Structure formats: C-alpha cells, structure tokens
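Chain order of the listed sequences is G and W.
So that you can map any letter, position 366 of the first sequence is 366 in the numbering used here, and since no number is skipped, the others follow by simple counting.
So that you can map any letter, position 373 of the second sequence is 827 in the numbering used here, and since no number is skipped, the others follow by simple counting.
2 protein chains.
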Amino acid sequence: MKKLSLLLLLCPVLVNAQYRDDSVTIKKISDEILRNGKAYDLLYQLTKQVGGRLAGSPQFAKAISWGKDAMEKNGADQVFLQQCMVPHWSRGGADKAVIISVDGKKTSRNLDVLALGNSLGSGTVSAEVLAVADFDELERRKDEVKGKIVYYNAGFNPANVSPFKSYGETGIYRRSGPSRAARYGALGVMIRSLTESTANNPHTGAMQYNDSFPKIPAIAVGPRDADEVWELSKKAHFTMSMTTNGHFLPDTVGYNVVAELRGTEFPDQYITVGGHLDSWDVNEGAHDDGTGVVHTIEIMRALKAIGYRPKHTIRFVLFANEENGLRGGIKYAEEAKAKNEKHLFALESDAGGFTPRGFSLGVSAAQLAKFRSWLPLLSPYGTASFTEDGGGADVGPLQRQLGAAVGELNPDQQRYFDVHHARSDVFENVNKRELLLGAVNMAALIYLVDKYGL
Amino acid sequence: MKKLSLLLLLCPVLVNAQYRDDSVTIKKISDEILRNGKAYDLLYQLTKQVGGRLAGSPQFAKAISWGKDAMEKNGADQVFLQQCMVPHWSRGGADKAVIISVDGKKTSRNLDVLALGNSLGSGTVSAEVLAVADFDELERRKDEVKGKIVYYNAGFNPANVSPFKSYGETGIYRRSGPSRAARYGALGVMIRSLTESTANNPHTGAMQYNDSFPKIPAIAVGPRDADEVWELSKKAHFTMSMTTNGHFLPDTVGYNVVAELRGTEFPDQYITVGGHLDSWDVNEGAHDDGTGVVHTIEIMRALKAIGYRPKHTIRFVLFANEENGLRGGIKYAEEAKAKNEKHLFALESDAGGFTPRGFSLGVSAAQLAKFRSWLPLLSPYGTASFTEDGGGADVGPLQRQLGAAVGELNPDQQRYFDVHHARSDVFENVNKRELLLGAVNMAALIYLVDKYGL
C-alpha cells in the first residue's frame with residue numbers, strides 16, 4: 001500500500017488515467033460553483049443583513065435562523081439544530097485609550113484600541129506605562145510593574161513567509177499577556193495588535209485570565225499607534241488612561257446548524273464540512289468566518305445541483321461558537337460520541353476566503369499518502385499541497401474524541417491578518433472568485449473522500 | 455542530463471542536500487526583503503507622486519527621472535537611459551456614453567465608460583445600438599450593422615480557473631472589435647470591459663485599427679452597466695450617444711531606464727530583470743506595472759544589501775512603453791542585438807503584485823528541467839510551479855531576436871482583472887507582503903540562474 005502510494009505520487013500521468021472519471025466530475029463541480037455559485041450572495045446576506053454575531057448576542061440568534069433557512073433553501077435532505085450553551089461576553093460600550101501625560105506634561109493623544117475578548121473592565125484605569133518588548137523583558141523588569149499599565153510590543157516576525165506561523169508565535173501575548181503582568185501588580189495591559197497590516201485598525205480576539213491573579217483590563221492597539229507608543233517609550237515616561245467595560249452575562253442557548261445529504265451506501269458513516277457561525281462583534285465576520293459558512297452551504301448546494309448522491313452521509317455544519325469558547329465544536333463531538341457515530345473525515349474552512357492553495361491535515365501517514373495521490377486531480381483548481389498542520393479548531397474535538405481524520409482549507413494567508421478580528425473584516429474585502437474557488441477545492445476533496453474512503 | 459533532471463525532480467531530499475548553501479543564501483535574500491524591503495514605499499512614490507504615466511505624457515517623463523533616481527539610490531553600479539521613440543496617444547478629455555432613447559422614448563441613462571487606448575474620436579456619435587454576443591453573431595447580422603453602434607457582450611468565461619486564460623480568449627474584442635464592426639458600416643463600438651469584477655469600473659486597454667476600414671470610436675463599458683445594456687437589448691430598441699476625443703500627438707522621446715550590477719566572472723553575459731514604467735492614464739498604474747517596477751528595483755537593492763556579487767552582469771530594466779506599442783522592449787532587444795550581447799535569461803514582472811505562485815517560462819526542455827530542479831529551494835517562498843506559458847511582453851523581443859530564455863512572475867491571478875486598466879488600479883489595492891514576496895521569489899530565481907547558468 002505504501003509502495004503504491006509512493007508510485008502514485010511519482011507518476012501523475014498514471015494517476016490521471018486512473019482518475020479520468022473523477023476529473024470529469026470535479027470539472028462539473030467546478031463549473032457549477034464558478035458559474036452558478038451562491039456563496040457570494042449568501043455572504044452578502046450574512047455580513048450585511050446579520051452582521052457581527054458574537055456568541056450570545058441578538059445577531060448570533062439571527063445568524064442561526066438565517067443559517068437554517070439558507071441550508072433548507074440550498075438542497076439539504078434535512079436540517080437540524082444541535083443545542084449547546086454558549087458564553088455571552090459583552091464589550092459594554094466603546095473602548096478608549098488616551099496618552100494623558102508625557103514626562104509629566106499633560107497631553108491628550110487618543111489611541112485606536114479594542115478591548116480583548118473575554119477581558120473585564122469597569123471604567124477607566126490610569127497609570128504610567130511600562131513598555132516591554134516581550135515576556136523576557138517583563139520578567140527582567142518585574143519589579144517595575146506594580147501599579148503600571150504594561151504594554152507588550154511583541155509583533156509578527158516579518159521574515160516569516162507564513163503569517164499563521166507568526167500568529168502562532170505571538171498569539172500568547174493576547175491570550176496570556178494580561179495575567180502574566182497582573183501577577184506582578186500591573187493595573188492594565190495593552191498589546192500590539194496581532195497583524196502586519198499597514199493600516200491602524202486594532203485587532204481583538206480571545207484572552208483568558210489565570211484565576212490566580214487579578215483580572216485586569218486588557219486592550220489591543222492599532223499597529224501604527226503601537227509604533228508610536230514604542231518610540232515614545234524609548235525617550236519618555238508617559239501615562240495613559242484606558243477605558244473598557246467588558247463583562248460576562250449568563251451563558252445563553254446557542255445552536256450548531258447541521259444539514260445532511262444522506263449517504264446511499266453508508267448512511268451511518270459521516271463526512272463533515274463546516275465553518276463557524278459566530279464572529280467578533282466589531283466587524284461583519286466576513287473572512288472570519290463568514291466565508292467558511294458560505295463555503296459549507298455552497299458545497300452542499302453544488303453537490304446537489306449536479307445530482308451527486310454521496311455514498312456516505314455528508315454533514316454540513318455551521319458551528320455555534322469558535323471564537324471565545326469552542327462550545328459548538330465540543331458539542332458536535334460529544335453528540336457524535338454519545339451516538340457512537342463513525343466519522344471518516346471532518347473538514348473546516350476557517351482561514352479566510354482567499355485563493356485556495358491546499359489543505360492542512362491531521363491524518364495518518366497512509367491517509368496522507370492517499371490525499372497526496374489526488375493532487376493531480378486538484379491542482380488545476382489551485383491545490384498545490386497537503387501539509388500536516390492539522391485541521392480547523394471546530395473539528396479538533398472530533399479528532400481528539402473519535403480519532404476522526406481532519407483537515408482545513410489552506411487559502412493564501414498574506415491578507416488574512418489584515419482583517420482578522422479587526423473592523424476591516426467586511427464583505428468588501430472578500431473577492432468573489434477567490435471565495436468560489438475555495439468551495440471548488442473543498443467540494444472536490446469531499447467528493448474524493450466520499451468516493452474512495454480513507 | 456535529462457535522466458539526472460528527472461531524478462532531481464523526484465528526489466527533493468537529494469536536491470536539498472545538494473543546494474544547502476543556496477537555501478541559506480535564499481533565506482538571506484528573503485529576510486532582507488521581508489524585513490527591510492523598500493518596494494512598498496517606492497510604489498507609494500511612483501503611484502502617488504508620479505501617478506498615471508501613459509507613454510508620451512508629462513507624468514511619463516517624470517516617471518523616467520524618478521526611476522533613474524530610485525535606481526541610483528538603491529545600489530546600482532551604473533544607471534543609463536536607452537532612448538526610444540514612444541507613441542503619444544491622448545484621451546483628450548472625459549469619455550461619455552448615454553442611452554438617449556428606448557423604443558423611441560427619450561431617456562438619459564449615463565453609462566460608465568472609457569475610450570479604448572489608441573482609439574480616435576472627435577466628439578459625439580449617436581446611433582441605434584446593435585448588441586451582439588460575439589463575432590459569430592456579428593457575422594450573422596452583418597446586414598444590420600450599417601449606421602449603428604455595435605455593442606459586444608463577450609465576457610470572461612467564469613468557468614476558467616485562470617482569468618489570464620479568459621483574457622486571452624476575450625481580448626480580441628478589444629483589439630479587433632472596432633474594425634470588425636467598421637467593416638460593415640458601424641459608426642461606433644462599445645465592448646464589455648475585460649473583467650469579472652463585481653464593481654462597475656470600465657477597463658481600457660490598447661486596440662488597433664485595421665487601416666482598410668473607417669477608424670470609428672470605441673469604448674469599454676463597466677460590467678454592471680454591460681449587464682443592463684445586454685438585458686435592455688433583449689427587450690427593446692435603443693439609441694445611445696458616445697462622446698470620445700482620443701487622438702495621437704507626434705511620437706515623443708522616451709527612455710528605458712537600465713541599471714546594472716556588474717558581473718565578476720562573465721561581465722559580458724547578461725541576465726535581465728524588468729517591469730514596465732508606463733501605465734494607462736486613468737489610474738495610478740499600481741499593479742500594472744508599478745509593482746513590476748518596484749520588484750525590479752527591490753531585487754537589485756536586496757542583492758546589493760546582502761553583499762551578493764553576481765557572476766554575470768544583471769540588468770534591471772524599467773521598460774519605456776509596454777501598454778500601447780512595446781517600443782521599450784523592442785528597443786532593448788535591438789540594442790542587444792546591435793552590440794552582439796549574450797543574454798542568458800530575461801525575467802519580467804507584469805502580472806501584478808499579488809502573492810507569487812510560480813513562474814511561466816519560455817525556455818528549452820533542458821532549461822525547464824533545470825528550473826524545476828530548483829523547486830524545493832523556492833517552494834518555501836511560494837513558488838509551486840514552473841509553467842511553459844512564455845515570458846512577459848517586454849522580454850519577448852529579446853527571446854525572438856536573440857533566442858534568450860525568458861520568464862515572467864506568475865502571481866495569484868484572481869484579483870488582477872479587478873484592477874487591470876481600470877481606475878481601481880491604485881496603491882491601496884496592493885498588499886505590502888504580497889508585493890515583497892514577489893520580489894523574494896524573483897530574486898531567488900535570479901540568484902540561481904546567475905550561479906548555475908542555463
């Protein structure tokens with residue numbers, strides 16, 4: 001088997017002969033999506049008519065109704081809702097940060113900031129700023145922290161070709177930076193936004209308090225303002241005020257929206273495709289993850305439109321709560337486990353609606369070889385590689401709990417962190433053809449997994 | 455040799471061992487560009503301080519001075535200007551088109567249009583519109599053409615994954631559509647803009663008259679207006695007026711701007727890297743081809759910055775006139791031929807400043823195998839393939855006249871025709887990291903060609 005896979009890898013011509021019917025079907029899928037795709041119009045509805053939809057918010061409830069309706073109208077054999085409790089964090093108003101004095105001299109310089117998701121605040125905190133490059137500097141200067149607002153200047157490493165690599169390296173400042181400073185007596189924390197954008201939009205995103213330390217307010221500052229703050233910190237002492245009002249309301253009822261195309265041969269074996277329905281509150285959740293939502297619906301619509309009848313049952317899932325809790329993904333895996341379902345493969349789109357370049361997978365070596373043997377079938381549509389970087393967040397519980405093979409669409413990454421969790425994540429920053437091509441590659445992969453198994 | 459190449463292709467691990475030093479040098483090039491790249495700031499200067507720069511225009515003259523200065527400041531061993539006469543077409547004012555009556559009833563519906571480059575006009579032409587899908591329909595209905603304005607609805611085929619393929623298929627309507635209609639007595643021509651953009655911007659670009667037929671005015675209409683015109687044509691007779699004032703002024707003196715890094719071993723053998731300095735008049739020429747211009751300067755800057763001393767002389771060329779004459783590229787090849795220069799390879803960037811995906815080449819089979827053997831070195835930076843689709847327009851004459859191997863950067867194509875020749879081709883639509891990564895991949899390729907020859 002391994003030897004055969006290797007041979008397949010090395011001989012694309014042979015593969016093409018073997019999979020001739022498949023290339024015809026995949027072209028049919030592609031034509032259907034590129035000619036008649038509804039994903040862009042659906043995204044318009046979700047971003048403009050529903051808007052930002054943080055778990056627990058009224059817009060989130062609206063998104064669930066919208067998703068159920070869209071699934072029903074686009075070919076589902078059945079649609080059901082899977083109830084789960086979701087957190088309900090509220091920003092509580094406009095966030096604000098102002099440099100109020102420099103070297104003892106009063107000033108008033110507004111910074112463009114957003115409170116971090118899950119952070120708590122109840123008004124204004126004012127204090128001198130201790131600006132540090134990173135955690136190492138924080139540790140070296142821990143005796144200076146008490147009573148100050150700590151600013152972390154840690155940013156993306158521009159030399160990384162992959163911005164996701166940079167996000168992986170720097171994300172810890174958003175998640176853990178507040179408590180690490182609170183430990184030494186900080187009154188508040190500001191981080192450099194996790195982006196390399198040339199614009200000044202601040203980028204929010206989830207943080208998590210360590211319950212052992214005071215829960216201090218935490219904000220992210222736009223990258224151009226961050227540059228200014230960092231420069232200022234080198235030559236002056238300065239104080240700032242930060243005003244935030246983040247708080248938690250009681251958990252509320254949310255739902256995964258699940259549609260099915262029933263399998264003809266193995267109706268009790270499942271392939272899952274999904275994206276997450278929730279988004280941050282400060283934007284339209286276009287690339288994060290409106291595009292994943294409409295990819296999911298589009299793939300179902302297209303398979304139905306070309307008359308494809310899957311062997312396995314394909315589930316199309318709009319997950320309830322990825323951003324600040326993962327409750328939807330956890331619920332989906334729990335239900336699957338409780339019902340002893342067999343899950344072949346679960347694929348997510350949660351890295352933006354940009355031109356597809358491939359897929360990252362969390363699969364066995366034999367499965368990886370099988371995926372790679374399909375490259376010649378997918379490369380005409382943009383898939384250039386299968387990497388071993390694991391699946392999306394929402395399908396992670398299914399992998400951990402049931403051992404399912406998982407994957408995630410890997411679109412071009414360069415623009416993702418321009419919009420990720422920022423007010424710029426709006427419909428206008430999604431390109432129709434890039435969006436549709438993502439659905440093409442995902443649908444083709446789902447077709448191959450359904451036909452050949454794993 | 456061929457066998458060896460095949461082996462190299464199949465064994466990336468072997469290749470990595472062989473080229474270990476190269477991967478270190480390429481990482482150094484990449485780090486230099488991604489950390490310290492000047493391309494984005496240079497593009498800002500070219501687009502915002504020089505602006506649109508059609509050959510012959512005052513802005514074009516300004517662009518030449520700017521280019522020479524930028525080359526000198528960014529590490530050239532020498533910079534020289536290569537004189538060539540360039541055409542001087544002028545739009546002559548704002549273009550206009552209005553639907554003035556529908557089924558005999560007066561109306562006034564402005565369409566968003568641009569005169570095609572090189573087209574002639576001297577005021578307003580009003581006539582009934584004959585809308586045809588394509589040349590086939592024009593031929594079938596040739597008896598109806600006389601005295602009318604012909605509208606061609608031929609658009610991009612959305613099922614093509616490659617928009618450049620669509621451009622190749624449909625570009626003939628822009629280039630030859632006017633004369634093909636004039637042949638049958640048309641008074642004017644309007645084409646659907648060559649784009650799949652969801653915006654309504656019209657897209658200009660070069661056309662060419664057939665001297666055997668009257669030189670009638672010709673415009674392109676924005677795609678949303680095109681949809682409306684096409685729908686209207688199915689249910690009503692309508693007349694429109696089109697106002698254009700395109701005309702030619704006498705040819706003027708232009709220049710290729712040429713910088714060199716002198717070769718240490720083979721100073722009389724040349725490798726060329728270039729982009730074109732001219733652009734259309736209706737935008738900032740950001741992706742077409744400001745990004746090619748700043749790629750060119752950036753590659754030179756980066757090679758110099760890391761202390762790389764090339765074996766061959768590397769020429770960095772800002773070509774004078776690609777858009778409506780190719781005079782710069784022709785001149786460059788003529789001079790090379792007159793001086794009996796040996797040209798190894800000429801690489802252009804003229805497909806936009808989007809994330810690089812590979813290169814298209816016009817090379818021999820043995821050379822192609824050599825390029826492909828370098829894939830493992832380039833793939834970490836985005837290059838996924840070398841295709842055989844030929845080099846850029848400006849390096850074409852060098853290939854035809856001297857048999858030089860040629861190539862062109864192949865960036866992601868999906869957004870290119872959103873901006874190509876339209877008013878949306880502005881600095882704001884270029885992403886800094888995507889731009890820099892193009893320079894990284896090109897510089898790495900130039901380094902490999904310089905080191906190993908072809």
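Quick reminder that beta carbons are idealized off the backbone N, C-alpha and C, glycines included.
Being a predicted model, the structure only gives us computed values, none of them experimental.
Taking only beta carbons into account, state which residues of the segment 404 to 423 of chain G come closer than 8 angstroms to chain W, listed in chain order. The segment 404 to 423 of chain G vs chain W, Cβ under 8 angstroms: D412, Q414, R415 and D418.
Residue of W:Y498, W:Y906 and W:K516 minimising C-alpha distance to N988 (chain W): Because residue 988 (chain W) is not part of the residues shown, which for chain W are 455 to 908, the question remains open.
Complete alpha helix (DSSP H) runs within the segment 857 to 897 of chain W (minimum length 4 residues, chain order): Counting only runs of 4 or more, we get 870 to 873.
Under the assumption that L277 (chain G) contacts I64 (chain G) (Cβ atoms under 8 angstroms), give the Cβ distance between them as a whole number of angstroms. Locating residue 277 (chain G) in the first sequence gives position 277, where the first residue counts as 1. Locating residue 64 (chain G) in the first sequence gives position 64, where the first residue counts as 1. Going by Cβ atoms, the distance from L277 (chain G) to I64 (chain G) rounds to 7 angstroms, so yes, they are a contact pair.
Closer than 7 angstroms, CB to CB, is E434 (chain G) near chain W or not? One-based indexing of the first sequence puts residue 434 (chain G) at position 434. At least one CB atom of chain W sits nearer than 7 angstroms to the CB of E434 (chain G).
Let me check you understand the geometry: is the CB of N324 (chain G) closer than 6 angstroms to at least one non-hydrogen atom of the ligand GTP? In the structure on display, the ligand GTP does not appear, and there are no ligands present to speak of.
Who are the near neighbours of T718 (chain W) in its chain, counting only those whose CB is closer than 8 angstroms to its CB and skipping five residues on each side? One-based indexing of the second sequence puts residue 718 (chain W) at position 264. Closer than 8 angstroms at Cβ, skipping near neighbours: R763, P764 and K765.
Determine, using beta-carbon pairs with one atom in the segment 504 to 518 of chain W and one in the segment 666 to 681 of chain W, whether at least three such pairs fall under 8 angstroms. Too few Cβ pairs lie closer than 8 angstroms, so no.
Can you grab the Cα-Cα spacing for the pair S695 (chain W) / S576 (chain W), in whole Å? For this step, residue 695 (chain W) is matched to residue 241 along the second sequence. For this step, residue 576 (chain W) is matched to residue 122 along the second sequence. Here the alpha carbons of S576 (chain W) and S695 (chain W) stand approximately 13 angstroms from one another.
Is Q208 (chain G) helix, strand or coil by DSSP? Residue 208 (chain G) sits at position 208 when you count from the first residue of the first sequence. Coil, per DSSP.
Checking contacts by CB at 7 angstroms: is R35 (chain G) closer than that to chain W? Indexing the first sequence from 1 puts residue 35 (chain G) at position 35. By this cut-off, R35 (chain G) is an interface position.
Residue span of the beta strand (DSSP E) that contains T272 (chain G), given as start and end: In the first sequence, residue 272 (chain G) corresponds to position 272, counting from 1. Segment F266 to H276, the beta strand (DSSP E) holding T272 (chain G).
For a contact defined as C-beta to C-beta under 7 angstroms, what are the partners of Y381 (chain G) on chain W? Translated into positions along the first sequence, residue 381 (chain G) becomes position 381. Think of a sphere of 7 angstroms around the beta carbon of Y381 (chain G): the chain W residues whose beta carbon falls inside it are V615, in chain order.
What separation, rounded to the nearest whole angstrom, lies between the Cα atoms of S733 (chain W) and T501 (chain W)? One-based indexing of the second sequence puts residue 733 (chain W) at position 279. One-based indexing of the second sequence puts residue 501 (chain W) at position 47. Roughly 10 angstroms separates the two Cα atoms.
Should T561 (chain W) go down as buried or exposed, given a rule of 16 or more other Cβ atoms within 10 Å for buried? Taking the first residue of the second sequence as 1, we reach residue 561 (chain W) at position 107. The residue in question, T561 (chain W), is exposed, as its Cβ has fewer than 16 Cβ neighbours within 10 Å.
Given that a residue counts as buried once 16 or more other Cβ atoms are within 10 Å of its Cβ, and exposed if not, what is V282 (chain G)? Against the first sequence, residue 282 (chain G) aligns to sequence position 282. With a threshold of 16 other beta carbon atoms within 10 Å, V282 (chain G) meets it and is buried.
Would you check if there are 3 or more beta carbon pairs closer than 8 angstroms linking the segment 638 to 649 of chain W to the segment 419 to 433 of chain G? Contact fails: fewer than three Cβ-Cβ distances are below 8 angstroms.
Taking the straight line between their C-alpha atoms, what separation do you get for L402 (chain G) and E842 (chain W)? The sequence position of residue 402 (chain G) within the first sequence is 402, counting from 1. The sequence position of residue 842 (chain W) within the second sequence is 388, counting from 1. Rounded to the nearest whole angstrom, the CA to CA distance from L402 (chain G) to E842 (chain W) is 46 angstroms.
Compare the C-beta of A838 (chain W) with all C-beta atoms of chain G and state if any pair is closer than 7 angstroms. Taking the first residue of the second sequence as 1, we reach residue 838 (chain W) at position 384. Chain G, which has a Cβ nearer than 7 angstroms to the Cβ of A838 (chain W), makes this yes.
Measuring alpha carbon to alpha carbon, tell me which residue in G:S385, G:G353 and G:P356 is nearest L368 (chain G). Position 368 of the first sequence, counting from 1, holds the residue named residue 368 (chain G). Nearest option by C-alpha distance: G:S385.
C-alpha distance - P541 (chain W) paired with R91 (chain G), whole-angstrom precision: Taking the first residue of the second sequence as 1, we reach residue 541 (chain W) at position 87. Taking the first residue of the first sequence as 1, we reach residue 91 (chain G) at position 91. So the alpha carbons of these two residues sit roughly 60 angstroms apart.
Which residue wins for smallest C-alpha separation from P704 (chain W), given the options W:E682, W:R887, W:W543 and W:E598? As a first step, residue 704 (chain W) is located in the second sequence; it is residue number 250 there, counting from the start. For the options W:E682, W:R887, W:W543 and W:E598, the alpha carbon positioned closest to that of P704 (chain W) is the one of W:W543.
Beta-carbon neighbours of D485 (chain W), restricted to chain G and to distances below 7 angstroms: Walking along the second sequence from the start, residue 485 (chain W) turns up at place 31. The contacting residues are A159.
Any beta carbon of chain G sitting closer than 7 angstroms to that of N737 (chain W)? If you number the second sequence from 1, residue 737 (chain W) lands on position 283. Not closer than 7 angstroms to any Cβ of chain G, the Cβ of N737 (chain W) fails to qualify, so no.
Is any beta-carbon of chain W found at less than 7 angstroms from that of N431 (chain G)? Position 431 of the first sequence holds residue 431 (chain G). Taking Cβ atoms only, chain W reaches closer than 7 angstroms to N431 (chain G), which makes this a yes.
Quick one: which residues of the segment 788 to 814 of chain W get their C-beta closer than 8 angstroms to a C-beta of chain A? List them in chain order. Included in the structure are the protein chains G and W, with no chain A among them.
Burial state of A404 (chain G) (16 or more Cβ within 10 Å): Residue 404 (chain G) sits at position 404 when you count from the first residue of the first sequence. Here A404 (chain G) is buried. Its C-beta has 16 or more other C-beta atoms within 10 Å.
Taking C-beta to C-beta, are L831 (chain W) and Y494 (chain W) nearer than 7 angstroms? Position 377 of the second sequence, counted from the first residue, corresponds to residue 831 (chain W). Position 40 of the second sequence, counted from the first residue, corresponds to residue 494 (chain W). Their beta carbons are not under 7 angstroms apart, which means L831 (chain W) does not touch Y494 (chain W) by this criterion.
For W374 (chain G), which three-state DSSP category applies? Position 374 of the first sequence, counted from the start, is the residue given in the question as residue 374 (chain G). Annotated three-state conformation of W374 (chain G) is coil, per DSSP.
Between G:G352, G:V98 and G:D103, which has its C-alpha nearest S233 (chain G)'s C-alpha? Indexing the first sequence from 1 puts residue 233 (chain G) at position 233. Residue nearest to S233 (chain G) within the set G:G352, G:V98 and G:D103 is G:D103 (criterion: CA-CA distance).
Spell out whether any CB of chain G is found under 7 angstroms from the CB atom of T652 (chain W). By one-based count along the second sequence, residue 652 (chain W) stands at place 198. T652 (chain W) belongs to the set of residues whose beta carbon lies under 7 angstroms from a beta carbon in chain G.
Taking only the alpha-carbon atoms, compute the straight-line gap between N513 (chain G) and D21 (chain G) and give it to the nearest angstrom. Outside the displayed span of chain G (1 to 454) sits residue 513 (chain G), for which this structure offers no information.
Span separating the alpha-carbon of F770 (chain W) from that of L496 (chain W): Along the second sequence, read from residue 1 onward, the residue named residue 770 (chain W) stands at position 316. Along the second sequence, read from residue 1 onward, the residue named residue 496 (chain W) stands at position 42. Near 15 angstroms, if we compare the C-alpha coordinates of L496 (chain W) and F770 (chain W).
So what does DSSP say about L66 (chain G), is it helix, strand or coil? Here residue 66 (chain G) refers to the residue found at position 66 of the first sequence. Just to set this straight, residue 66 (chain G) is Trp in the shown sequence, not Leu. It is helical.
Outcome for D566 (chain W) when other beta-carbon atoms lying within 10 angstroms are tallied against a minimum of 16: Position 112 of the second sequence, counted from the first residue, corresponds to residue 566 (chain W). Burial call: buried.
Whole-angstrom C-beta distance between L326 (chain G) and F293 (chain G), which should lie under 8 angstroms: The residue you call residue 293 (chain G) lines up with position 293 of the first sequence. The residue you call residue 326 (chain G) lines up with position 326 of the first sequence. First, the residue type needs correcting, since residue 293 (chain G) is Val and not Phe in the sequence shown. Separation of the CB atoms of V293 (chain G) and L326 (chain G) is rounded to 16 angstroms, and the pair is thereby denied contact status at 8 angstroms.
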